Amino acid sequence: MAYTVRRPNLTFWEKLYLPTIASGLAITLKHLRKMLMGETKVTMQYPEEKWDSELPEYYRGAPTLVKDDHERERCVACQLCEFICPPRAITITPGELPSENRFAKVEKFPKEFQIDMTRCIYCGLCEEVCPEQAIYLRKDYAITGENRAEMIHHKAKLYELGGTMPDLVHKWNPDK
Amino acid sequence: MNVLLDFIASVPWGLMTAAIAKTLFLIFLVVLPLVSYTVYAERRVSALIQDRVGPNRTGFPTSLLGFQKDLQLFLGGLGQPVADAMKFMLKEEFTPGHVNKVYFWLAPILAMVPALSTLAVVPFGNFMLGQKMVVADVNVGILYVFAVASIGVYGIVIAGWSSNSKYPFLGGIRASSQMISYELSLGLSAVPVLMLIGNLNLSEVIQYQINNGWLLVPFTNGVFTLKKLVLWGPIAISFIVFTISMFAETNRLPFDLPESETELVAGYHTEYSAMKFALFFLGEYAAMIVGSSLIVVLFLGGWHLPLLPMNTIESSETLPGAILGLIHISVFFAKVAALLFLFIWIRWTLPRFRFDQLMKLGWLYLFEIALANIFLTAAILALWK
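Each protein sequence line maps, in turn, to chains A and B.
Residues in the first sequence are numbered consecutively from 48, following our numbering.
Residues in the second sequence are numbered consecutively from 446, following our numbering.
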C-alpha cells in the first residue's frame, strides 16, 4: 500500500543549510578529536597485539595428530577422518605394523598422514569422528606458506603441532 | 640564419630559466608531494572521523637496506603515498577494446594539465633569491585561471564519452552540466572582490590585502574603519559562494555526482586503470589545491602573515631574506593545507546531493546570490567614496 512520507517542516535556520552543515562538521570533528586523543576504542592491531591468551577452550585451529603418554602414535589408520572430511583435505597411506613390534596387536599405523591446509575448513569433524582420539584441532590459526606444497602438513609436522596428550585411553598400553 | 640568431638573442634567457626553475620547484617539489600527501590525509582523516585507524602501516622500507625495522615516523603510514605511486606504475596499462583510443588516452592528460597550468599565475610567496615567487605575473591572472580551469571539464567529458560504456557516459554528462552551471557562480562571486581591489593581477590582489587587511579578516593591518566592516558582509557572502562553487568545480562531495560510487560505479573513470586512472586522481587533487590557493589568494591574504616582516627583491638574495622568503612560501602552503583539510572534513560530513537539488542550488540560489552580491558591493562602493 502506498503511503506518503511527511516531509519535516524545517525552520528558517535549517533551510539556510549553513548552520546545519556547521553542526554536522562539529560532530565529525568530535569523532576526529576523540580518535586523536585515543578515547575511541578501535580494532585490535593484529600482528602487534594478539588474542592468543584469550582463545576459548573450544577454539578450532589447525588439526593435529597427538601421541599418548608412551610416545606411541594414537592413529591406527582407520581412515574414518579421511572419509568424513567434507573438503577431502586428509589423505592417509596406511601401513601394517610388523609382528615383532611391541604394539603389534594394533595392526595398522599411518605411513603417511597429509592434511592439505589450503582445503581444510576447520570444521572439526575429523576430531569428532576419530575413535582413537588421535586427531585434535589445536589453537594454531596462522597457517602460512609460500606455495601449495608448503601448505600441506605432513605427518612429522602434524605430530610436532599436536604434541602428546596423555591419560585419555589406555587401550594400547600393555601394562594396563 | 641571421633571423634565427636574432631570435635566439632576443629571447630573455634569464627570465625563461627563472620561470622554468620556478615551475619545476612548484610542480615537483611542492604540488605533486602535496597532492600525494593530500590523498594520504584524505584516507587518514576519513578513517579518524569514522572511528577507524586508517593506513598506519606503510613506513619507509629501511629494512630493505639491512636495518631491523621499517622507518615509522610519528603517525605511521607516511610511506603510503610512495607505495601507492609504485603500485600505479607497476600495474598493467590496460586499454579496453571498445573505447575510442585517441580520446581515451587524451582525457587523463586533459584532466591533469589545466589543474597544473593554472598554478602558473598563483603567487605562492614574496621574494626568493632575487625572484618574485610567481611563475607568470600576468595582468589577467584570475581571468586566466577561470579560462584554463574550465578546460578541465573536457578531460572528464572526453573520458566519459570515449570510454564507450554507460556509467562513464552518465558521469561525463553530469560533470559537464555541473561544472558549467557552477562556473557561473564561481566567476560572479569573484567579481565583488575584483571590484573592490580593481585589479586582476593576483600579486596586486595580495598587495592590496597587505595594505588594507585580508578581505575575509579585514583588520589584519590594524586599521579599523567602518567601511571595511560594512564591506565585510558582501565579501563574506562572496567567500561562501566561491567556496561552495569551488567544491562543485572540483567534483568534491557533496557535489561528486560525476563519479558517485553508489550509482555510477566510478563515473567517468570507470574504464581507466593504472597510471591513466592515477592521472585523473592526481588531477582531481591538484584541482583541489589550485582551488584552495585561489581562495587563499582572493580572501585570506595569500602568503602574507601579519607581524611577519617583508623581504624585498634585494634582501632576498642574502641568507636572512631567503629564509624569510621560505617562511612566506610555507605560510601560503600552510593556509592551503588548512583549506584542504576543510575540503576533506566536509567530504566526510555531508551526504551527496541529488542531481536536481544540485542544479537547483546552482541556478536558483548561488547564481542569484552572487549576482545580487555584485550590485550590493557596487552600491556600497558607489555611495561610500
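Heads up, the beta-carbon is just placed ideally off N, CA and C, and yes, glycines get one too.
Predicted model only: the values in this text are computed from it and were never measured.
Where residue i meets chain B, residues with beta-carbon distance less than 7 Å
i, result
"M82/A", "L493, D496"
Chain A contact for residue i (CB, 8 Å cutoff)
i, result
"W659/B", "no"
"L819/B", "For the record, residue 819/B in the displayed sequence is Ile; it is not Leu. So, not an interface residue."
"L785/B", "no"
C-beta neighbour in chain B for residue i, strict 8 Å
i, result
"V89/A", "yes"
"T75/A", "yes"
For residue i, the nearest candidate out of the options (CA to CA)
i, options, result
"F778/B", "Q802/B, T757/B, H749/B", "H749/B"
"S630/B", "L574/B, N818/B, I825/B", "N818/B"
"F572/B", "S775/B, V781/B, A782/B", "S775/B"
"P94/A", "G142/A, I182/A, Y188/A, A203/A", "Y188/A"
"P35/A", "K152/A, M48/A, V123/A", "Residue 35/A cannot be examined here, being either before or after the span of chain A that is shown, 48 to 223."
"A466/B", "M578/B, L787/B, W829/B", "M578/B"
"P613/B", "V662/B, H543/B, L745/B", "H543/B"
"I418/B", "A827/B, H773/B, N696/B, P765/B", "No answer is possible for residue 418/B: the residues shown for chain B start at 446 and end at 830."
"I596/B", "A732/B, V686/B, L795/B", "A732/B"
"V580/B", "N666/B, V590/B, Y589/B, F569/B", "F569/B"
"E694/B", "W677/B, I772/B, Y627/B", "Y627/B"
"G632/B", "A594/B, V448/B, G511/B", "A594/B"
"H201/A", "Q92/A, K158/A, T67/A", "K158/A"
"K780/B", "L769/B, R488/B, L745/B, S608/B", "L745/B"
"H773/B", "L753/B, F786/B, T707/B", "L753/B"
"L564/B", "F473/B, E487/B, F539/B", "F473/B"
"F591/B", "S491/B, K611/B, V566/B, L816/B", "V566/B"
"A620/B", "L698/B, E813/B, N447/B", "L698/B"
"L63/A", "L787/B, A782/B, F692/B, I682/B", "I682/B"
"E649/B", "M624/B, F692/B, D582/B", "D582/B"
"F156/A", "A49/A, L144/A, C167/A", "L144/A"
"G747/B", "V675/B, D496/B, Q652/B", "Q652/B"
"N584/B", "M624/B, L647/B, F539/B, M534/B", "L647/B"
Proximal chain A residues relative to residue i, where beta-carbon distance stays under 8 Å
i, result
"V735/B", "Chain A residues near V735/B: none, gap ~23 Å exceeds 8 Å."
"I791/B", "I68, L72"
"V490/B", "L79"
Neighbourhood of residue i by C-beta, 6 Å cutoff - its chain only, sequence neighbours within 5 removed
i, result
"P553/B", "K721, L724, F725"
"T211/A", "K114"
"I137/A", "C128, E129, I162"
"L743/B", "V638"
"G807/B", "S626, Y627"
"I618/B", "none"
Per-residue contacts from residue i into chain A (C-beta, under 9 Å)
i, result
"L795/B", "I68, G71, L72"
Own chain, CB closer than 7 Å to residue i, minus 5 neighbours either side, in chain order
i, result
"G616/B", "G605, P703, E704, L709, G712, Y713"
"R195/A", "T165"
"G728/B", "A556, M557, A560, G600"
"C170/A", "P133"
"N657/B", "N666"
"E716/B", "P541, V544, S608, S610, P613"
Contacting residues, own chain, Cβ-Cβ under 8 Å from residue i (five flanking each side not counted)
i, result
"A530/B", "S481, A723"
"V484/B", "P526, D529, F726, Y730"
"S562/B", "V593"
"A492/B", "V498, G499, P500"
Within 8 Å, strictly: CB atoms of residue i and residue j
i, j, result
"I734/B", "V476/B", "yes"
"Y548/B", "I494/B", "no"
"G522/B", "N501/B", "yes"
"S718/B", "K536/B", "yes"
"T822/B", "L645/B", "no"
"R119/A", "F150/A", "yes"
"A181/A", "L112/A", "yes"
"E174/A", "P110/A", "yes"
The ligand GTP heavy atom lying under 7 Å from the CB of residue i
i, result
"L588/B", "You won't find the ligand GTP in this model; it holds no ligand whatsoever."
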